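Enquirer: I have a structure I would like to understand better, so I am pasting it below and will then ask my questions one at a time.
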Amino acid sequence: DSRVAEYEVPRPPLLLSTAGIYSDFTLQKDDDNRWLVAKRTPTQVWPMAMQFFEDSGFQIASQNQVNGEFITAWQPRNDLSAALGQGSEDSEDENTNSDIRIRVRVEPGVQKDTTEVFVATALRDKDSGDEDREWLTDTGVETSLLDGMMTSMASNDQEVQQVSLLAERDFDAPSRARLSDDTSGNP
291 DSRVAEYEVP RPPLLLSTAG IYSDFTLQKD DDNRWLVAKR TPTQVWPMAM QFFEDSGFQI
351 ASQNQVNGEF ITAWQPRNDL SAALGQGSED SEDENTNSDI RIRVRVEPGV QKDTTEVFVA
411 TALRDKDSGD EDREWLTDTG VETSLLDGMM TSMASNDQEV QQVSLLAERD FDAPSRARLS
471 DDTSGNP
């Protein structure tokens, strides 16, 4: 006699939590994989992610908002050292004189009303052409970018909230509006 019972798999809890302005943005880690979780919808996170990469000097080569993915152009790694974090120009690193390309995926999160952002990099020798490269997710560059993106999103989110609070005040606006008809009967 075999019995079948229904079981609902619970959603996993957030692995890391932060306090203060970062409470809506967390970095998650599972083995060598890292990603950013935002307590926002993908449509709210998408422009924030794009803005972070553009502000950091990356040129967006392609974007597909429907699939939630954008890819940067190949750029010299040395030109992006500030965005890539400390140690990206280490003289012992054989990739110092290479080009880099970043792929960013913005996906609905596992938990309700969250978004997960994944970053992968591809490296190539200068002058080697534009052929596809393997996407890497554990070079350390991803961690730097995710950390910078989390900081940027959290601080920009605070600015937006402050502006929104100001916008909610009814300075010189009347508390009610009245719609009336003109002499021709038009509203």
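In the numbering used here, the protein residues as written are 291 to 477. Beta carbons are placed, not taken as given, at the ideal position from N, Cα and C, and that holds for glycine. For clarity, every value in this text was computed on a predicted model and none was experimentally measured.
1. Rounded C-beta distance between valine 394 and glutamate 359? I'm assuming under 8 Å.
2. Can you give me the Cβ contacts of aspartate 428 inside the same chain, cut-off strictly under 6 Å, excluding the 5 residues immediately before and after it?
3. Would valine 400 be called buried (16 or more neighbouring beta carbons within 10 Å of its own) or exposed?
4. Leucine 370: which of Gln334, Val396, Asn354, Phe343 sits nearest, CA to CA?
5. Could you check if valine 327 is buried or exposed, using at least 16 other CB atoms within 10 Å of its CB as the buried criterion?
6. Closest to valine 356 by C-alpha separation, out of Arg423, Val396, Val431, Ala412, would be which residue?
7. Could you tell me the distance, in whole angstroms, from the CA atom of asparagine 446 to the CA atom of aspartate 320?
8. Considering just the uninterrupted stretch of the alpha helix (DSSP H) at threonine 478, what are its terminal residues?
9. Any idea which residues DSSP pairs glutamine 365 with across the strands?
Expert: Considering the structure as presented:
1. The pair is a contact, with the Cβ atoms about 7 Å apart (cut-off 8 Å).
2. So the list reads Asp322, once near-sequence residues are dropped.
3. It counts as exposed.
4. Taking only the C-alpha atoms, the option nearest leucine 370 is Phe343.
5. Flag for valine 327 reads buried.
6. Nearest to valine 356 by C-alpha distance, out of Arg423, Val396, Val431, Ala412, is Val396.
7. Their Cα atoms are separated by approximately 27 Å.
8. This structure does not reach residue 478, given that the chain is present from 291 up to 477, and the question cannot be answered.
9. DSSP, once it has assigned bridges, lists Ile390 as partnering glutamine 365.
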